[in-house]
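Residue numbers (the working numbering), protein chains in the order written: chain C, 1 to 336; chain Z, 1001 to 1331; chain G, 2001 to 2298.
Cβ coordinates follow ideal geometry from the N, Cα and C atoms, glycine included.
Please read these numbers as outputs of a predicted model, since none were measured by experiment.
Remarks on the structure that follows.
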């Protein structure tokens, strides 16, 4: 039984300029203890997907149009406030990109840290504080017993993110959702944070959804990867498989545009064109205008299909076996 | 080097830290830039990397005289910028420009693209009004923007497009030097590539000297000829980009390179990781001796006493570490 | 707006119109019912007052001691005051005074305040310290003494009244603008303007002020009511409008004196005054909501 099973999730934003379909029929599942990476750029829907699960979308202008998200028998999208309250913050925790705005600058760390404990578990303040100090030590905050009484601004960016992680993990959740938590941090601090989350995950046996735009982070950290584009899943596979046998032109284009993998001296590969306007209906595959393999047939509706063990793709031509993305090709025609 | 186009000599930018409401007194100094010396050829692209707080942004601003340097000189095409003041400085600014990190905050939200670019074009030159539309259009096309967007406002553009507008604005005054302060950090990966390509192309075509500041080593490696690594206000390594990236000399550079995630699971799992302990130190209270020694896996007792100078390792490369040769012995 | 913009490529593209943040804000404002109602009311009242000479049924100063104070009747919709003057006409004419004092004094204070605050905030340093100390000193002057002094020197004059009030109200505006400018100075587009080598004057006028107009507009709609109250107070003290001219403030004062016997003398002017104040406040709130929302980022 998967820990989390999301089916046909649809979330849109009703704006003055039209209805923006931010998440368009997304389904996926997550097993206990598994690490899933959700990769995409701005507008891909990766964050909105997870915010929808946690019911953190502001309800106007946002609206969860349909779908279900089963967590231990409860549909998160339809749960009552009580049910949601007992899951959110306790069994499912979330950490965000900017630790400064996620922490209340007027409250000491101690108060914010033990708050979830006092709410969800009926333990006394003294016990809660001890657990707080303990978890701060585990996440690597030096001199935890004293620093627990500090305010957020007294910590550096990396430390604040550790505090956020401590807050998320103090209730020993079964699932941690991390929305680009290291994007704003230095590369060396990012490495430390990733190491830390790996360690805590092993100790607690929890599942992790890691949202990022950085394929490099995913390569070293996640067991499975899901690539999103224009509110849909483009490709999904085990990490090694995704990199070794890429099965969607967008995934390949993403890999190719990463500077780290490109030889010096030539111009960097770029994906021509722009992401689509999600307020306009898109008939077929949303990547068509920018895809070097696009044909007329790609304009019909296409869904996610399996092409191997645990490897799904939403590219019609790959599904049909017409295109093999592993072939190194001659200098690609670059659309600008 | 007498053929240096841009010469930065022992540049320092120190900021006093003050306490007290009634009697303000100085209790310390933030040595954001602490003695940087660099020389660039005309048309060279130098990558400047380091983490938050290392002083790279401050260095960029100090070179452009947006922050008055505390000590040191900056000489561009034979002209000493640090001695310029007032309207002399203001007029000289046509020669050196900046591109900022946040493409939204660096454009006036109430001015159209036309307004922004026309203002830049006319900043130092008298241009008759009827010539402006053509010049603005040309500038937009140069950075890859369609002139049909000329009447639009910044918020109507994506991040990458806004950055192009910012680049166009910097080019409008026909500068000789551009400092780009993390110009692609706020953009998506696929857009980063477009902007990097654009900057490289413009630099080639216009013989523009470019200082490219970033915390992302892989981006910098691609576009730069040389890379300078900064730590706590000083340059700790300087050399050709590929070599600094593939065989870093300084322990900090090694850690930096090893921390960059490689989007290839096979290589990522195999490689040796150096995870630094602790936080980057604050520039108010730098450690004694080598500023990196508290976090350095190669530190010895002397490292706490001696402040290493930037020395030649070979004709092309320099490093600031007393154990540089030992650590990098070719085995 | 489609103009042909010359391009160096072969085909000339049509220029697309842009829509500014002001347009976004205007749209949001239109959707705010209370703000629209407020704006409409203010507009109607202003129109009525402006057209007073044409639409007032009677003269505002024609006394009729025979009838004295009479309650509302078909002849006098709002009744008459103690001297038999038609209240409706007096209210309409009174509106001209109150509203024009409100608008003119506000305009004066806004212009002085914005310029003063911008210069002080942008230049900073010693100039800022000196300028703000001047503001502090002016704040501490007792306003009444100041106005009396002016009146004594220059005589009683409605224009002077405008100036006096404007001269006091600009202090608040200057402080607010200075604060806004100081925080705006740290924005990167200002740094970019400096980096371009633009003159200080241009930076203040073209980059600072348009970006603080939002706050200025909002604050102005709150100054107008307080100015109107101030005018009423001064008129009561004998320094503003003198009989037989009236402003809403004087009408309310007069009405209050006889409010038990002739309640209509208080109710109607007070009603007009209150509606105006409420309307301006709703408009101000609506403007704040419309302008304060961060413009859509991606």
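- Going by DSSP, residue 1230 (chain Z) is part of the beta strand (DSSP E) stretching over 1226 to 1231.
- DSSP, reduced to helix, strand and coil, places residue 325 (chain C) outside both helices and strands of the structure shown, so it counts as coil.
- By the 16-neighbour rule on beta-carbons within 10 angstroms, residue 187 (chain C) is buried.
- Residue 1149 (chain Z) is positioned such that its CB atom lies closer than 8 angstroms to that of residue 2016 (chain G).
- By DSSP's assignment, residue 1079 (chain Z) forms a beta bridge with Z:1076.
- Membership of residue 2163 (chain G) in the alpha helix (DSSP H) is indicated by the continuous run 2158 to 2184.
- Straight-line spacing of the CA atoms in residue 217 (chain C) and residue 1085 (chain Z) works out to 47 angstroms.
- Among the bridge pairs identified by DSSP, residue 2055 (chain G) is matched with none.
- Shown here for residue 1191 (chain Z): same chain residues with a beta carbon closer than 6 angstroms to its own, the five before and five after excluded, namely 1160 in chain order.
- Of the residues Z:1298, Z:1041, Z:1122, Z:1307, the one whose Cα lies closest to the Cα of residue 1325 (chain Z) is Z:1298.
- Distance from the CA of residue 96 (chain C) to the CA of residue 2208 (chain G), rounded to the nearest whole angstrom, comes to 33 angstroms.
- Residue 1123 (chain Z) reaches chain G at 2196, 2197, 2198, counting residues in chain order whose Cβ is nearer than 7 angstroms.
- Relative to residue 2121 (chain G), the option among G:2102, G:2223, G:2176, G:2106 whose CA is nearest is G:2176.
- Near chain Z, meaning a CB-to-CB distance below 8 angstroms, the residues of the region 2168 to 2199 of chain G are 2187, 2188, 2189, 2191, 2192, 2193, 2194, 2195, 2196, 2197, 2198, 2199.
- In the DSSP assignment, residue 162 (chain C) falls within the alpha helix (DSSP H) that extends over 157 to 169.
- For a Cβ distance threshold of 7 angstroms, residue set 270 of chain C lies close to residue 1194 (chain Z), ordered along the chain.
- Spanning the alpha carbons of residue 1219 (chain Z) and residue 165 (chain C) requires a straight line of approximately 29 angstroms.
- According to the DSSP assignment, residue 238 (chain C) belongs to the beta strand (DSSP E) that extends over 232 to 238.
- For residue 2195 (chain G), the enclosing alpha helix (DSSP H) begins and ends at 2188 to 2196.
- For residue 1031 (chain Z), the three-state secondary structure derived from DSSP is strand.
- Around residue 2117 (chain G), the same chain offers 2174, 2177, 2178 as residues with beta carbons nearer than 6 angstroms, after the five sequence neighbours per side are excluded.
- Identification of chain Z residues near residue 2015 (chain G) by a Cβ-Cβ cut-off of 7 angstroms yields 1148, 1150, 1151, ordered along the chain.
- Taking the Cα of residue 2066 (chain G) as reference, the smallest distance to any Cα among G:2058, G:2060, G:2059, G:2080 is reached at G:2080.
- Here residue 208 (chain C) is near residue 178 (chain C), since their CB atoms are less than 8 angstroms apart.
- Under the three-pair Cβ rule at 8 angstroms, the region 2246 to 2256 of chain G does not count as touching the region 2136 to 2147 of chain G.
- The three-state reading of DSSP puts residue 1317 (chain Z) in strand, counting E and B together.
- Collapsing the DSSP output to three states places residue 2281 (chain G) in a helix.
- Residue burial annotation: residue 2023 (chain G) is exposed, with fewer than 16 other C-beta atoms found within 10 angstroms of its C-beta.
- About 11 angstroms separates the beta carbons of residue 135 (chain C) and residue 109 (chain C), which is beyond the 8 angstroms limit, so they are not a contact pair.
- Chain order gives no chain Z residues near residue 292 (chain C), where near means a beta carbon separation below 7 angstroms; the closest approach is about 14 angstroms.
- For residue 2074 (chain G), the closest alpha carbon among the candidates G:2057, G:2111, G:2261, G:2039 is that of G:2057.
- By the neighbour-count criterion, in which 16 or more other beta carbons inside 10 Å mark a residue as buried, residue 1221 (chain Z) falls on the buried side.
- Listed along chain Z is no residue with a C-beta nearer than 9 angstroms to that of residue 2058 (chain G); the closest approach is about 50 angstroms.
- Ranking G:2020, G:2071, G:2030 by CA distance to the CA of residue 2260 (chain G) puts G:2071 first.
- Against residue 217 (chain C), the close residues of chain Z are 1261, in the order they occur along the chain (beta-carbon pairs closer than 8 angstroms).
- In this structure residue 2211 (chain G) is buried. Its beta-carbon is surrounded by 16 or more other beta-carbon atoms within 10 angstroms.
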